[in-house]
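Chains as they are written, first to last, in UniProt numbering: chain A, 1 to 101; chain B, 1 to 112.
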């Protein structure tokens, strides 16, 4: 007699989202791109979905940010990730710099 | 009154407005909490609007600013940004300068 197998952890969903985010931000030809899944820090809070990447921190350095203020930089990143934000990415922390900053 | 007009009225009739999850005393989200902490340290009075009270406001503010996340901070009607931007501006002293330039009383002596 076999025990029902619980659903596999959804690492897949997380790695797929990370891959999509990476692909979307490649648009900016970043020289540095670090993605950090911070979802676990928000367990029990609104927007947290176990096994899903809901809270993401993006550290990005790109020439595209040179001469742009903070709002413009964030809008650029938010815009490229609009699909993800519409599909369950709940929080997006952004550290956007131009090279040399 | 449309939701756009409501938001417009709020941000133009209060020096500092924060659209947040929860209230200034009881933020319900870490990001809203960080903004509340910054203004508490600076001793700046602000109007907190709890988007958890109303989906209409929660969605309306995102459309008003074309900004997808909460919190959202306004000074004298101008959209400043969300948690990251406010925190960075506080740490660099730009937020204090901006508030002073716009004539918003800053009571605290806190520096980053």
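The beta-carbon is built from N, C-alpha and C at its ideal position, and this holds for glycine as well.
Fair warning: this is a prediction, and the values are worked out from it, not measured in the lab.
Contacts that residue i makes with chain B (C-beta to C-beta distance below 8 Å)
{"i": "residue 60 (chain A)", "result": "The premise fails here: residue 60 (chain A) is roughly 12 Å from chain B at the closest Cβ pair, so nothing lies under 8 Å."}
{"i": "residue 56 (chain A)", "result": "Near residue 56 (chain A) there are no residues of chain B at all, since even the closest Cβ is about 11 Å away, more than 8 Å."}
Residue environment, residue i, which counts as buried when at least 16 other CB atoms sit within 10 Å
{"i": "residue 23 (chain A)", "result": "exposed"}
{"i": "residue 32 (chain A)", "result": "exposed"}
{"i": "residue 1 (chain B)", "result": "exposed"}
{"i": "residue 39 (chain A)", "result": "buried"}
{"i": "residue 84 (chain A)", "result": "buried"}
{"i": "residue 55 (chain A)", "result": "buried"}
{"i": "residue 60 (chain B)", "result": "buried"}
{"i": "residue 116 (chain B)", "result": "Summary: the structure shown does not reach residue 116 (chain B), with chain B confined to residues 1 through 112, and so no result is reported for it."}
{"i": "residue 62 (chain A)", "result": "buried"}
{"i": "residue 112 (chain B)", "result": "At residue 112 (chain B) the pLDDT is 48, less than 50, meaning the model places this residue with poor confidence; the figure from the coordinates comes in the next sentence. Exposed, because fewer than 16 other Cβ atoms sit within 10 Å of the Cβ of residue 112 (chain B)."}
{"i": "residue 5 (chain B)", "result": "exposed"}
CB-CB length for residue i against residue j, believed under 8 Å
{"i": "residue 104 (chain B)", "j": "residue 44 (chain B)", "result": "6 Å"}
{"i": "residue 98 (chain B)", "j": "residue 73 (chain B)", "result": "Not confirmed; about 11 Å, so no contact."}
{"i": "residue 48 (chain B)", "j": "residue 18 (chain B)", "result": "5 Å"}
{"i": "residue 93 (chain A)", "j": "residue 84 (chain B)", "result": "6 Å"}
{"i": "residue 71 (chain B)", "j": "residue 26 (chain B)", "result": "Wrong, their Cβ atoms sit about 14 Å apart, outside the cutoff."}
{"i": "residue 21 (chain A)", "j": "residue 81 (chain A)", "result": "6 Å"}
Residues that residue i contacts on chain B, provided the C-beta gap is smaller than 7 Å
{"i": "residue 93 (chain A)", "result": "84"}
{"i": "residue 45 (chain A)", "result": "29"}
{"i": "residue 85 (chain A)", "result": "68"}
Proximity of residue i and residue j at Cβ, strictly below 8 Å
{"i": "residue 33 (chain B)", "j": "residue 74 (chain A)", "result": "no"}
{"i": "residue 86 (chain A)", "j": "residue 69 (chain B)", "result": "no"}
{"i": "residue 95 (chain A)", "j": "residue 59 (chain A)", "result": "yes"}
{"i": "residue 78 (chain A)", "j": "residue 67 (chain B)", "result": "yes"}
{"i": "residue 90 (chain B)", "j": "residue 7 (chain B)", "result": "no"}
{"i": "residue 96 (chain B)", "j": "residue 41 (chain B)", "result": "no"}
{"i": "residue 13 (chain A)", "j": "residue 53 (chain A)", "result": "yes"}
{"i": "residue 17 (chain A)", "j": "residue 36 (chain A)", "result": "no"}
{"i": "residue 88 (chain B)", "j": "residue 3 (chain B)", "result": "no"}
{"i": "residue 19 (chain A)", "j": "residue 66 (chain A)", "result": "no"}
{"i": "residue 93 (chain B)", "j": "residue 11 (chain B)", "result": "no"}
Under 9 Å by beta carbon: chain B residues contacting residue i
{"i": "residue 20 (chain A)", "result": "Going along chain B, no residue has its Cβ under 9 Å from residue 20 (chain A), so there is no contact; the nearest lies around 16 Å."}
{"i": "residue 25 (chain A)", "result": "By Cβ distance, chain B contributes nothing, its closest Cβ being about 15 Å from residue 25 (chain A), past 9 Å."}
Chain-ordered chain A contacts of residue i [CB-CB under 7 Å]
{"i": "residue 69 (chain B)", "result": "91 and 92"}
Contacts of residue i in chain A (Cβ-Cβ under 8 Å)
{"i": "residue 88 (chain B)", "result": "70"}
{"i": "residue 81 (chain B)", "result": "70, 71 and 74"}
Short CB-CB distance (under 8 Å) between residue i and chain C
{"i": "residue 66 (chain B)", "result": "Absent from the structure: chain C. Protein chains present are A and B."}
Does the stretch 20-34 of chain B come within contact of the stretch 43-63 of chain B, defined as at least 3 CB pairs closer than 8 Å?
-> yes
Do three or more CB pairs link the stretch 16-30 of chain A to the stretch 38-48 of chain A at distances below 8 Å?
-> no
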